[in-house]
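Since the structure comes first, as structure tokens, the remarks are kept for the end.
2 protein chains.
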Amino acid sequence: MKLPLLVAAAALLIGAAPAAKLTPNDIVAQSPASAWKAIDPNDLLVMDLARGGRVIIQLAPQFAPVHVANIRALARGNYWDGATIYRLQDNYVAQWGLNDSDKGFPADVVAKPPAEYTRSVKGLSITPLGSADPYAAGAGFVNGWPMAFDRKAGWADLTHCYGTVGVGRDLSPDTGTGGELYAVIGHAPRQLDRNIAIVGRVVEGIDRLSSLPRGTEALGFYKDKAQYVPIASIRLASDMPAADRPSFEVMDTGSRTFANYLRLRANRHDDFYVRPAGGVDVCNVQVPVRRKG
Amino acid sequence: MKLPLLVAAAALLIGAAPAAKLTPNDIVAQSPASAWKAIDPNDLLVMDLARGGRVIIQLAPQFAPVHVANIRALARGNYWDGATIYRLQDNYVAQWGLNDSDKGFPADVVAKPPAEYTRSVKGLSITPLGSADPYAAGAGFVNGWPMAFDRKAGWADLTHCYGTVGVGRDLSPDTGTGGELYAVIGHAPRQLDRNIAIVGRVVEGIDRLSSLPRGTEALGFYKDKAQYVPIASIRLASDMPAADRPSFEVMDTGSRTFANYLRLRANRHDDFYVRPAGGVDVCNVQVPVRRKG
Chain A
464 MKLPLLVAAA ALLIGAAPAA KLTPNDIVAQ SPASAWKAID PNDLLVMDLA
514 RGGRVIIQLA PQFAPVHVAN IRALARGNYW DGATIYRLQD NYVAQWGLND
564 SDKGFPADVV AKPPAEYTRS VKGLSITPLG SADPYAAGAG FVNGWPMAFD
614 RKAGWADLTH CYGTVGVGRD LSPDTGTGGE LYAVIGHAPR QLDRNIAIVG
664 RVVEGIDRLS SLPRGTEALG FYKDKAQYVP IASIRLASDM PAADRPSFEV
714 MDTGSRTFAN YLRLRANRHD DFYVRPAGGV DVCNVQVPVR RKG
Chain B
464 MKLPLLVAAA ALLIGAAPAA KLTPNDIVAQ SPASAWKAID PNDLLVMDLA
514 RGGRVIIQLA PQFAPVHVAN IRALARGNYW DGATIYRLQD NYVAQWGLND
564 SDKGFPADVV AKPPAEYTRS VKGLSITPLG SADPYAAGAG FVNGWPMAFD
614 RKAGWADLTH CYGTVGVGRD LSPDTGTGGE LYAVIGHAPR QLDRNIAIVG
664 RVVEGIDRLS SLPRGTEALG FYKDKAQYVP IASIRLASDM PAADRPSFEV
714 MDTGSRTFAN YLRLRANRHD DFYVRPAGGV DVCNVQVPVR RKG
């Protein structure tokens, strides 16, 4: 029963004097179970590297349904057998797939998905960031995801943050199938927002990608195939034996707990800090995700 | 004589139709020599790793004079003999120095430097970012450095971006001597702005830090000393033999070339992009720095 502690913390935060000196991590540690939502195992993509290490990705079917359906079909159809990480560009992305292979897609893959770069802002319940966004009229959080939006223009989109996973593509109007994916391993490349399909985010093991050697060719491609990092398997958690299946939950970004967390991310007042920032960028909030149970 | 090309490009950019489709890198490639300023070798700190690899840092004496003077004194006094990289926290910092050593400082090191976290905005010639900043009233560039500022409150500060180098410290009012330094290897931790002394930025070899294995202890400290990454030497370029001395230049952020570069960083319109962002955050501009000659 951690609820009384949380209520006390919230009361202190709303008060004028920041006497509590809680950190954002304290808010996570003290959060009630009701502040979390389980992630569907059909939305978890598990990538095992051949030399050890696992990277787990939460898919975002509500924002890029056709691309995510493709990714599930590619995983189930064993498309990625023999796949590698072949691109590591510092402060930008790690990218994997079959690269220049002419391997055919499983039958249920949509070869030319729609753009799915933005969606209508209508009907979205947005928890506002509360700070200015350099890239859009507004920013905030929807169902656990960081988003930018423009109510006047009518659009909303997922934002490229550290750990965001998107679909590699050639020049427009190609939107990519989902066969080649990348994860952001540096400062948020928000210029890609609304220009590429975002399909999810790494929820565990991003350091397995971010600590890989950088490629020395243009755009961070590895020069020699011997440098490619082999991938043992890419599976949906829902297709794994129940006993082996990883299980995650994400903080409900509509909860009071998240509101407190967000306020502290923008106003660090614990002992280390002399001056709370009074603002935060959407990619520096880092929606809490954790192992369940 | 690349000047005519640049003038043509500028004319096209100012015009309504973005016919040129130049990338920010094109602007750098076409820039005239007059758009660059040499970096003083007394402002270049050269860190050689014992197992190979070099990291080069540009110091910022105009913003943190006492801390930078300390760093020069530490380098000249061989304080860092036996130093290691002992902390690698994913999406945050790499940190190096002597850690818990009780080694004494060279005589000319100021043991308790002033905070040097901000300076007065008065007298600074700022090239404005032109986009909102989530952390401050304004952001822009001064003498090649990204800065945030608040004219009403009167302060300006260097911003924590990818590659920024700052001085590790304990709890305030300690400001650190400069003996323990960190470099940002992830998304800009802007909450540290105005809370810590920024002394420079990595201008070459940040990937030598960002690709190191992450530490598994709290805050990314390496668990075993065997994991520490040994540093062979940390020297000022000005103390190296002239023939070995690396030489760099930084784009003049007051130049017309930088104005064009900045405009394109905020409005990518080359073939890959469907929708230019119309904005950019100060840490995603990445002031061009390159080898000279």
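Chains A and B are the protein sequences, given in the same order. Quick note on numbering: the first sequence equals residues 464 to 756 in the working numbering. Quick note on numbering: the second sequence equals residues 464 to 756 in the working numbering. Cβ atoms here follow ideal geometry from the backbone N, Cα and C, with glycine treated the same way.
Would you give the residue range spanned by the beta strand (DSSP E) that Ser696 of chain B belongs to?
692-699
Could you have a look at Gly560 of chain B and say whether DSSP puts it in helix, strand or coil?
strand
Let me confirm a value: Asp637 of chain B is counted as buried when at least 16 other C-beta atoms fall within 10 Å, else exposed. Which label applies?
exposed
When the Cβ atoms of the segment 554-566 of chain A are set against those of the segment 701-713 of chain A, are three or more pairs found closer than 8 Å?
no
Under 9 Å between beta-carbons, which chain B residues line up against Phe604 of chain A? List them in chain order, please.
What Phe604 of chain A touches in chain B: nothing, since even the nearest Cβ is about 14 Å away.
Give a yes or no on whether the C-beta atoms belonging to Ile661 of chain B and Gly683 of chain B are separated by under 8 Å.
no
Tell me, please, whether the CB atom of Ser583 of chain A is closer than 8 Å to any CB atom in chain B?
no
Cα separation between Arg726 of chain B and Thr622 of chain A?
21 Å
Quick one: does Arg625 of chain A have its CB under 8 Å from some CB of chain B?
One detail in the question is off: residue 625 of chain A reads as Tyr in this sequence, not Arg. Taking Cβ atoms only, chain B reaches closer than 8 Å to Tyr625 of chain A, which makes this a yes.
Count the other CB atoms, across all protein chains shown, that sit within 10 Å of the CB of Ala492 of chain B; report buried if there are 16 or more and exposed otherwise.
exposed
Along the chain, where does the alpha helix (DSSP H) containing Tyr724 of chain A start, and where does it finish?
719-729
Would you please verify whether the beta carbon of Asp734 of chain B is less than 8 Å from any beta carbon of chain A?
yes
Which term fits Glu680 of chain A, buried or exposed, when burial requires 16 or more other beta carbons within 10 angstroms of its beta carbon?
exposed
Lys688 of chain B versus Ala695 of chain B - alpha carbon distance
16 Å
DSSP on Leu469 of chain A, reduced to helix/strand/coil?
Low confidence applies to Leu469 of chain A: its pLDDT is 32, below 50, so where it sits in the model is not reliable, and the reading given next is rough at best. Helix, per DSSP.
Bridge partners - Lys500 of chain B, DSSP secondary structure assignment
B:Val713
For Asn488 of chain B, count neighbouring C-beta atoms within 10 Å of its own C-beta (all shown protein chains included) and say buried if the count is 16 or more, exposed if not.
exposed
Name the two residues that bound the continuous alpha helix (DSSP H) containing Asp637 of chain B.
First-last for Asp637 of chain B: undefined, no H or E at that position.
Cross-strand partners of Val573 of chain A (DSSP beta bridge):
According to DSSP, which records beta bridges pairwise, Val573 of chain A is partnered with nothing at all.
Inspect the beta-carbon positions of Leu537 of chain B and Leu699 of chain B and report whether they are closer than 8 Å.
no
In the structure shown, what three-state DSSP assignment does Ile661 of chain A receive?
strand
Within chain B, the residues that Tyr598 of chain A reaches when beta carbons sit closer than 8 Å
Ser594, Ala740, Gly741, Gly742, Val743, Asp744
Along chain B, which residues have their Cβ under 7 Å away from the Cβ of Arg677 of chain A?
Asp670, Ser674
Please state if the CB of Gly717 of chain A and the CB of Ala729 of chain A are separated by a distance shorter than 8 Å.
no
Any idea if Met464 of chain B is buried or exposed, counting beta-carbon neighbours within 10 angstroms, 16 or more meaning buried?
Bear in mind that a pLDDT of 23 at Met464 of chain B, under 50, signals an unreliable position, so the model cannot answer this.
State the CB to CB distance for the pair Ser594 of chain A and Asp744 of chain A, rounded to an integer number of angstroms; the pair is presumed to be in contact (CB under 8 Å).
7 Å
Going straight from the alpha carbon of His530 of chain B to that of Glu667 of chain A, what length do you get?
37 Å
Have a look at B:Val647, B:Gln654, B:Arg582, B:Arg753 and flag the residue whose alpha-carbon is nearest the alpha-carbon of Ala527 of chain B.
B:Arg582
Please report whether the beta-carbon of Lys465 of chain A lies at a distance below 8 Å from any beta-carbon of chain B.
Only weak support is given to the placement of Lys465 of chain A: the predicted model assigns it a pLDDT of 26, under 50, and the question is left unresolved by the model.
Leu485 of chain A versus Lys566 of chain B: straight-line alpha-carbon distance, rounded
34 Å
Alpha carbon of Asp571 of chain A to alpha carbon of Asn541 of chain A, nearest angstrom:
12 Å
Could you check which residue in A:Ile669, A:Thr627, A:Trp543, A:Ser635 has the C-alpha nearest to that of Pro576 of chain A?
A:Ser635
Is there a C-beta anywhere in chain B that falls below 8 Å from the one on Arg550 of chain A?
no
Could you check where the beta strand (DSSP E) with Val509 of chain A kicks off and where it finishes?
507-512
Where Ala681 of chain A sits in the DSSP three-state scheme:
helix
Rounded to whole angstroms, what's the CA-CA distance from Cys624 of chain A to Gly515 of chain B? Just pull it up for me.
31 Å
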